[in-house]
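**Student:** Protein chains in written order, with the numbering used here: chain C, 1 to 204; chain A, 205 to 408; chain W, 409 to 612.
Just so it is clear, CB atoms sit at the ideal spot from N, CA and C, and this is done for glycine as well.
Remember, predicted model here, so these are calculated numbers, not experimental data.
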Amino acid sequence: MQLSFIQVLELLGTFAFAVSGATAAINKSYDVIGLLSLAFITAIGGGTVRDLLIGATPVAWMTDGISNTAIIAAAIIAAMFFSYVKKLTRLLSTFDAIGLGLFTITGIDKGLAAGLPLPICVALGVITGTFGGLLRDVICGEQPILFTREIYAAASLAGGILYVVADRYYGASGDIAQSISIAVIVVIRLVSLRHNWQLPRMRT
Amino acid sequence: MQLSFIQVLELLGTFAFAVSGATAAINKSYDVIGLLSLAFITAIGGGTVRDLLIGATPVAWMTDGISNTAIIAAAIIAAMFFSYVKKLTRLLSTFDAIGLGLFTITGIDKGLAAGLPLPICVALGVITGTFGGLLRDVICGEQPILFTREIYAAASLAGGILYVVADRYYGASGDIAQSISIAVIVVIRLVSLRHNWQLPRMRT
Amino acid sequence: MQLSFIQVLELLGTFAFAVSGATAAINKSYDVIGLLSLAFITAIGGGTVRDLLIGATPVAWMTDGISNTAIIAAAIIAAMFFSYVKKLTRLLSTFDAIGLGLFTITGIDKGLAAGLPLPICVALGVITGTFGGLLRDVICGEQPILFTREIYAAASLAGGILYVVADRYYGASGDIAQSISIAVIVVIRLVSLRHNWQLPRMRT
Numbered sequence: 001m002q003l004s005f006i007q008v009l010e011l012l013g014t015f016a017f018a019v020s021g022a023t024a025a026i027n028k029s030y031d032v033i034g035l036l037s038l039a040f041i042t043a044i045g046g047g048t049v050r051d052l053l054i055g056a057t058p059v060a061w062m063t064d065g066i067s068n069t070a071i072i073a074a075a076i077i078a079a080m081f082f083s084y085v086k087k088l089t090r091l092l093s094t095f096d097a098i099g100l101g102l103f104t105i106t107g108i109d110k111g112l113a114a115g116l117p118l119p120i121c122v123a124l125g126v127i128t129g130t131f132g133g134l135l136r137d138v139i140c141g142e143q144p145i146l147f148t149r150e151i152y153a154a155a156s157l158a159g160g161i162l163y164v165v166a167d168r169y170y171g172a173s174g175d176i177a178q179s180i181s182i183a184v185i186v187v188i189r190l191v192s193l194r195h196n197w198q199l200p201r202m203r204t
Numbered sequence: 205m206q207l208s209f210i211q212v213l214e215l216l217g218t219f220a221f222a223v224s225g226a227t228a229a230i231n232k233s234y235d236v237i238g239l240l241s242l243a244f245i246t247a248i249g250g251g252t253v254r255d256l257l258i259g260a261t262p263v264a265w266m267t268d269g270i271s272n273t274a275i276i277a278a279a280i281i282a283a284m285f286f287s288y289v290k291k292l293t294r295l296l297s298t299f300d301a302i303g304l305g306l307f308t309i310t311g312i313d314k315g316l317a318a319g320l321p322l323p324i325c326v327a328l329g330v331i332t333g334t335f336g337g338l339l340r341d342v343i344c345g346e347q348p349i350l351f352t353r354e355i356y357a358a359a360s361l362a363g364g365i366l367y368v369v370a371d372r373y374y375g376a377s378g379d380i381a382q383s384i385s386i387a388v389i390v391v392i393r394l395v396s397l398r399h400n401w402q403l404p405r406m407r408t
Numbered sequence: 409m410q411l412s413f414i415q416v417l418e419l420l421g422t423f424a425f426a427v428s429g430a431t432a433a434i435n436k437s438y439d440v441i442g443l444l445s446l447a448f449i450t451a452i453g454g455g456t457v458r459d460l461l462i463g464a465t466p467v468a469w470m471t472d473g474i475s476n477t478a479i480i481a482a483a484i485i486a487a488m489f490f491s492y493v494k495k496l497t498r499l500l501s502t503f504d505a506i507g508l509g510l511f512t513i514t515g516i517d518k519g520l521a522a523g524l525p526l527p528i529c530v531a532l533g534v535i536t537g538t539f540g541g542l543l544r545d546v547i548c549g550e551q552p553i554l555f556t557r558e559i560y561a562a563a564s565l566a567g568g569i570l571y572v573v574a575d576r577y578y579g580a581s582g583d584i585a586q587s588i589s590i591a592v593i594v595v596i597r598l599v600s601l602r603h604n605w606q607l608p609r610m611r612t
């Protein structure tokens with residue numbers, strides 16, 4: 001049941017990430033190959049970079065048929081019902097935030113399992129949650145949303161630090177630490193999105 | 205003889221990919237380092253991404269002196285005879301299509317050897333055939349041709365699926381399945397190029 | 409002492425690379441997450457690509473706390489004292505040239521240790537020294553400085569070839585060959601920068 005609940009969250013997140021890639025592709029007038037490719041790259045890019053960095057090959061998506069099916073479904077749905085999907089911003093933002101939270105924690109767990117230093121594990125979590133979107137923006141020739149707008153990586157970072165501290169220093173059980181940290185990431189992300197919060201930046 | 209024929213095809217393909225990178229570099233006014241680098245990245249980018257994803261390191265080009273020599277030759281020829289090379293579009297398109305076909309099949313074979321699921325093997329074939337051009341376009345700051353114009357990845361995908369089906373389900377001998385699949389990719393690519401076929405795309 | 413001197417050079421180089429990433433981020437109005445990320449990507453990008461290509465995972469920066477601290481320090485200093493840091497171009501160029509020299513030699517040594525062919529080792533050295541800046545420019549949506557302006561990769565290439573020849577063919581002791589090669593890279597880089605030398609490029 002626990003496992004199945006996590007899997008549902010992961011599928012919702014993967015679906016939302018793929019829709020965001022498909023939407024970017026449609027906005028750029030990509031063809032159907034471009035649409036499918038960008039849905040995949042956005043959804044699996046973060047986990048792929050993480051797996052490459054720690055040497056976990058073949059990378060995870062190659063043997064994850066369920067996620068791949070969710071991505072293809074997201075691409076098809078985004079393509080067929082684009083005008084409808086565009087209006088579901090709030091629902092998709094919520095799924096996306098869930099994906100950000102879950103991928104952050106998954107990434108950290110992979111780092112911990114590889115015996116890496118704690119700050120590096122947190123960095124791996126943030127990379128897992130955010131680099132798919134970074135690749136999407138770089139391929140599309142857009143300035144990375146990740147680096148320029150919105151509280152996104154910062155939410156992942158805050159939840160990731162919380163998870164590592166709760167898990168390692170306070171001995172919270174993995175499940176509880178995970179659930180709280182994911183919830184914190186989702187809440188920070190959605191509240192900041194609602195209020196259009198931004199991080200400070202330097203004036204040149 | 206068989207081996208030698210395949211090698212000739214691979215060299216023609218590598219040469220054409222490298223020329224396409226060198227041409228892009230010249231069009232962007234890159235210097236000689238940029239020209240050589242972009243020739244290499246375009247020619248070996250797809251195989252490199254494939255090898256990284258499946259964990260086959262050091263990646264293939266590092267021990268493939270013949271291909272590297274072909275790439276350097278392509279860069280020099282493109283730089284010295286640019287006005288002449290530009291006119292050979294049909295010849296270069298044919299070489300490029302051969303490269304696309306051969307790299308697709310090579311990529312699939314590496315996936316099969318790694319015991320990966322068949323759809324993933326096909327994806328690896330398409331990545332091998334197309335991601336060099338994707339990297340070229342992203343580095344140059346151009347919208348990826350791969351995602352926006354022309355039947356390119358789609359030809360690779362069609363031939364790749366044919367290869368896997370013929371090889372695994374109909375037990376065609378490897379050589380025959382390979383030859384037919386490469387021919388199918390070359391024909392789809394060249395016919396679609398001649399007639400300027402494009403894939404459907406979504407209207408926003 | 410020898411070791412400590414090399415480490416000081418490496419920290420100066422890492423610091424300069426990180427400042428160059430942070431500066432690019434500030435010029436692009438990235439937020440603090442973007443600034444920190446781009447400082448890291450610029451400073452560790454080259455070594456990361458090198459490690460991925462040869463399969464040395466987890467990649468080096470994950471267990472290199474000193475470099476990571478230097479990068480964070482560089483990002484903070486660049487952000488807090490930007491108007492001052494901007495004026496230190498000559499000092500930063502010198503540090504950057506030292507980083508280019510040292511990273512080139514480090515990359516070559518990793519290739520030699522992996523038993524790769526000598527030209528590939530030189531290529532790995534150039535990749536180590538230059539691909540951080542390439543990633544910085546691609547993410548920022550700028551044409552790569554590496555490919556379009558200035559003697560940068562060429563300096564790395566010249567020093568790298570010198571190092572391999574001196575070390576392998578003339579049996580110079582490692583320390584002497586390293587020191588001379590790094591000095592050659594630094595001098596070529598700084599002299600060419602002073603005189604605004606550029607490589608030839610093709611006219612289209």
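Just the Cα atoms here: how many angstroms apart are residue 600(W) and residue 518(W)?
**Tutor:** Locating residue 600(W) in the third sequence gives position 192, counting from the first residue. Locating residue 518(W) in the third sequence gives position 110, counting from the first residue. Roughly 28 Å separates the two Cα atoms.
**Student:** Could you check what DSSP says for residue 205(A) in three-state terms: helix, strand or coil?
**Tutor:** Position 1 of the second sequence, counting from 1, holds the residue named residue 205(A). Confidence in residue 205(A) is poor, its pLDDT being 40 and thus under 50, which makes the residue's placement unreliable; the coordinate value appears in the next sentence. It is coil, neither helix nor strand.
**Student:** Tell me the start and end of each unbroken alpha helix (DSSP H) in the region 260-317 of chain A that is at least 4 residues and wholly inside, in chain order.
**Tutor:** Taking only runs of at least 4 residues, the alpha helix (DSSP H) segments lying wholly in the region 260-317 of chain A are 269-284, 286-289, 293-317.
**Student:** What in chain A is Cβ-close to residue 192(C), meaning under 8 Å?
**Tutor:** For the purposes of this step, residue 192(C) is taken as residue 192 along the first sequence, with counting starting at 1. Ordered by position in chain A, no residue passes the 8 Å Cβ test against residue 192(C), which lies about 27 Å from the chain.
**Student:** Between the region 526-545 of chain W and the region 439-456 of chain W, do at least 3 Cβ pairs fall closer than 8 Å?
**Tutor:** Yes: at least three Cβ pairs fall under 8 Å.
**Student:** Going by DSSP, which residues form a beta bridge with residue 439(W)?
**Tutor:** Taking the third sequence and counting its residues from 1, one reaches residue 439(W) at position 31. Answer is 201(C).
**Student:** List, from N- to C-terminal side, the alpha helix (DSSP H) runs of 4 residues or more that fit wholly inside the region 328-384 of chain A.
**Tutor:** As far as the region 328-384 of chain A is concerned, its whole alpha helix (DSSP H) runs of at least 4 residues are 349-352, 357-368.
**Student:** What does the alpha-carbon distance come out to for the pair residue 324(A) and residue 259(A)?
**Tutor:** Residue 324(A) sits at position 120 when you count from the first residue of the second sequence. Residue 259(A) sits at position 55 when you count from the first residue of the second sequence. Cα-Cα distance, rounded: 14 Å.
**Student:** Would you kindly work out how many angstroms separate the C-alpha atoms of residue 552(W) and residue 228(A), rounded to a whole number?
**Tutor:** Stepping through the third sequence from its first residue, residue 552(W) is reached at position 144. Stepping through the second sequence from its first residue, residue 228(A) is reached at position 24. So the alpha carbons of these two residues sit roughly 13 Å apart.
**Student:** Which chain W residues sit within Cβ distance under 7 Å of residue 138(C)?
**Tutor:** Here residue 138(C) is taken as the residue at index 138 of the first sequence, counted from 1. Residues of chain W passing the Cβ test: 546, 547.
**Student:** Below 9 Å on C-beta distance, what does residue 116(C) contact in chain W?
**Tutor:** The residue given as residue 116(C) occupies position 116 in the first sequence. 466, 470, 471, listed in chain order.
**Student:** Looking at residue 322(A): is its Cβ nearer than 7 Å to the Cβ of residue 368(A)?
**Tutor:** If you number the second sequence from 1, residue 322(A) lands on position 118. If you number the second sequence from 1, residue 368(A) lands on position 164. Yes, these two residues count as a Cβ contact at 7 Å.
**Student:** Along chain W, which residues have their Cβ under 9 Å away from the Cβ of residue 378(A)?
**Tutor:** Position 174 of the second sequence, counting from 1, holds the residue named residue 378(A). Ordered by position in chain W, no residue passes the 9 Å Cβ test against residue 378(A), which lies about 28 Å from the chain.
**Student:** So, does the CB of residue 511(W) fall closer than 7 Å to a CB anywhere in chain A?
**Tutor:** Sequence index remark: in the third sequence, residue 511(W) carries index 103 (1-based). With 7 Å as the cut-off, residue 511(W) does not count as an interface residue toward chain A.
**Student:** Measure the C-alpha to C-alpha separation of residue 62(C) and residue 312(A) and round it to an integer number of angstroms.
**Tutor:** Within the first sequence, the letter at position 62 stands for residue 62(C). Within the second sequence, the letter at position 108 stands for residue 312(A). Approximately 13 Å, taken between the alpha carbons.
**Student:** Can you confirm whether residue 609(W), when its beta carbon is compared against all beta carbons of chain D, has any partner nearer than 7 Å?
**Tutor:** No chain D appears in the structure shown, which is made up of the protein chains C, A and W.
**Student:** Quick one: Cα of residue 16(C) to Cα of residue 138(C), how far?
**Tutor:** Taking the first residue of the first sequence as position 1, residue 16(C) is located at position 16. Taking the first residue of the first sequence as position 1, residue 138(C) is located at position 138. Rounded to whole angstroms, residue 16(C) to residue 138(C) spans 19 Å at the Cα level.
**Student:** Any idea what DSSP makes of residue 460(W), helix, strand or coil?
**Tutor:** Stepping through the third sequence from its first residue, residue 460(W) is reached at position 52. Looking at residue 460(W) - three-state DSSP - the assignment turns out to be helix.
**Student:** Flag residue 492(W) as yes if its beta-carbon sits less than 7 Å from any beta-carbon of chain C, otherwise no.
**Tutor:** The residue labelled residue 492(W) in the question sits at position 84 within the third sequence. Chain C, which has no Cβ nearer than 7 Å to the Cβ of residue 492(W), makes this no.
**Student:** Within this structure, are the beta carbons of residue 235(A) and residue 607(W) separated by less than 7 Å?
**Tutor:** Here residue 235(A) corresponds to residue number 31 of the second sequence, with the count starting at 1. Here residue 607(W) corresponds to residue number 199 of the third sequence, with the count starting at 1. For residue 235(A) and residue 607(W), yes; Cβs fall inside 7 Å.
**Student:** From 503(W), 467(W), 451(W), pick the residue whose C-alpha is nearest to that of residue 116(C); which is it?
**Tutor:** To locate residue 116(C), count along the first sequence from 1; it is residue 116. Residue 467(W) is the option with its Cα nearest to residue 116(C).
**Student:** Specify the secondary structure class of residue 36(C) as computed by DSSP and reduced to three states.
**Tutor:** Position 36 of the first sequence, counted from the first residue, corresponds to residue 36(C). Here residue 36(C) sits in helix by DSSP.
**Student:** For residue 321(A), does the three-state DSSP call read helix, strand or coil?
**Tutor:** In the second sequence, counting from the first residue as 1, residue 321(A) sits at position 117. The answer is coil: DSSP assigns residue 321(A) none of H, G, I, E or B.
**Student:** According to the neighbour-count rule (16 or more other Cβ atoms, all chains shown, within 10 Å of its Cβ), is residue 586(W) buried or exposed?
**Tutor:** Residue mapping note: residue 586(W) aligns to position 178 of the third sequence, counting from 1. Buried.
**Student:** Using a Cβ-Cβ cut-off of 8 Å (strictly less than) and excluding sequence neighbours within five positions of residue 26(C), which residues of its own chain qualify?
**Tutor:** Here residue 26(C) refers to the residue found at position 26 when the first sequence is read from its first residue. 35, 78, 79, 82.
**Student:** If we count the other Cβ atoms within 10 Å of its Cβ and call it buried at 16 or more, is residue 513(W) buried or exposed?
**Tutor:** The residue labelled residue 513(W) in the question sits at position 105 within the third sequence. It is buried - the Cβ of residue 513(W) has at least 16 other Cβ atoms within 10 Å.
**Student:** Can the beta-carbon of residue 350(A) be found less than 7 Å from the beta-carbon of residue 357(A)?
**Tutor:** What you label residue 350(A) is simply residue 146 of the second sequence in a count that begins at 1. What you label residue 357(A) is simply residue 153 of the second sequence in a count that begins at 1. Contact flag set, yes.
**Student:** Less than 7 Å between CB atoms is the rule here; does residue 536(W) satisfy it with respect to chain A?
**Tutor:** If you number the third sequence from 1, residue 536(W) lands on position 128. No, residue 536(W) lies away from the interface with chain A (no Cβ there is under 7 Å from its Cβ).
**Student:** Thinking just about the alpha-carbon of each residue, which of 461(W), 416(W), 413(W), 417(W) is nearest to the one in residue 539(W)?
**Tutor:** Reading the third sequence from its first residue, position 131 is the one you call residue 539(W). With distances taken between Cα atoms, residue 539(W) lies closest to 461(W).
**Student:** Counting only beta-carbon atoms, is residue 447(W) nearer than 7 Å to chain A?
**Tutor:** In the third sequence, the residue the question calls residue 447(W) occupies position 39. Cβ-Cβ to chain A under 7 Å: no for residue 447(W).
**Student:** Give a yes or no on whether 7 Å exceeds the smallest Cβ distance from residue 12(C) to chain A.
**Tutor:** Translated into positions along the first sequence, residue 12(C) becomes position 12. Judged by the 7 Å Cβ criterion, residue 12(C) is not in contact with chain A.
**Student:** Residues of chain W with a CB under 8 Å from the CB of residue 283(A): which are they?
**Tutor:** As a first step, residue 283(A) must be located in the second sequence, where it is residue number 79. Residues of chain W passing the Cβ test: 610.
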